[in-house]
Amino acid sequence: MKHNIIAPSVLAADFANLQRDIEMINNSEADWFHIDIMDGVFVPNISFGMPVLDAITKHARKTIDVHLMIVDPDRYIKTFKDLGSDILTVHYEACTHLHRTLQAIKAEGMKAGVALNPHTNVALLEDVINDIDMVCLMSVNPGFGGQSFIENTYKKIKQLKEIITRNNASTLIEIDGGVTNQNARQLIEAGADVLVAGSYVFKASDPIATIADLKKITAL
Ligand code: DX5
Ligand code: ZN
């Protein structure tokens, strides 16, 4: 069966009403929580850190998908495990020894993800694809929610899918940035398994219905 996992990004939530927004996701058809951690160095923005993630995971009742936009992520692998992360994604561009980092994430019992910036070629993952549980293709430049989707992403999904199939890997493809009801189905048809949606969900007048609609239009 084709995956159509929907992962709302908490970055677009109302931080003054975080528990309310987490319960909204708990009560929706969303599959995962997507958590964006930014350090102000790897990306030109700072989001939130450990105490906030701790507060989120106390209430969240779905898979916790953590996207680290930080330099030298190896420093915090154990910390993110202890905070309740199920999937830990690091950036290709932030890891000198990516293979080692992936093994360290898995040794902590988490699924290991690798995110690629829009300019990074998917072919660079050929030699580690069997060690990666999920590739997160950035469809915007990381750092901010609410940006517009980069169309070149479709080509990258197809190229990545070909690498995954040829290597007999079971790697999931996640798309992060600018996802709406206008591109969701086409992304799944191209080979994506997981769609992150931040502002499209949280700025909607009815987020629960918006998530239900994303689930419905992506069911192949
Ligand atoms: C961007 C983050 C995304 C962001 C997506 O750096 O990695 O997860 O929250 O937000 P939207 O869906 O608004 O583009
Ligand atoms: Zn993200």
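My numbering puts the sequence shown at residues -6 to 213.
All C-beta atoms, glycine included, are put in the ideal place defined by N, C-alpha and C.
C-beta atoms of residue i and residue j nearer than 8 Å
i	j	result
glutamate 101	isoleucine 57	no
aspartate 14	aspartate 7	yes
serine 132	glycine 191	no
proline 1	phenylalanine 26	yes
valine 214	glutamine 152	In the structure as shown, the chain starts at -6 and stops at 213, and residue 214 therefore has no counterpart that could be examined.
methionine 127	glutamate 167	yes
Anticipated Cβ contact below 8 Å, residue i with residue j, distance rounded
i	j	result
leucine 165	threonine 146	About 15 Å separates the two Cβ atoms, so there is no contact after all.
phenylalanine 35	valine 3	So it is not a contact: roughly 19 Å between Cβ atoms.
isoleucine 210	arginine 178	5 Å
Residue i to residue j span [Cα, whole Å]
i	j	result
histidine 84	valine 107	6 Å
glutamine 175	isoleucine 143	13 Å
glycine 138	threonine 158	31 Å
arginine 93	aspartate 67	9 Å
isoleucine 223	histidine 112	Because the chain in this structure spans residues -6 to 213, residue 223 falls outside the shown range and cannot be described.
Reduced DSSP category for residue i - H, G, I as helix; E, B as strand; rest coil
i	result
phenylalanine 26	strand
alanine 190	strand
histidine -4	coil
alanine 105	strand
proline 66	helix
threonine 173	coil
proline 1	strand
Closer than 8 Å to chain D by CB, residue i
i	result
isoleucine 181	Among the chains of the structure shown, chain D does not appear; only one protein chain is present.
Nonlocal neighbours in the same chain, by C-beta distance under 6 Å from residue i, ignoring five residues either side
i	result
methionine 62	Met31, Phe35, Val36, Pro135
leucine 95	Ala105, Asp124
phenylalanine 73	Val59, Leu81
glutamate 22	Ile204, Ala205, Lys208
Own chain, CB closer than 7 Å to residue i, minus 5 neighbours either side, in chain order
i	result
methionine 17	Pro200, Ile201
asparagine 160	Ile122, Asn123
methionine 103	Lys74, Ser78, Asp79, Ile80, Leu81
leucine 118	Val107, Ile125, Val128, Ile156
Close Cβ partners of residue i (< 8 Å) along its chain, the five nearest in sequence each way excluded
i	result
leucine 91	Val83, Tyr85, Val107, Val121
glycine 42	Ile30
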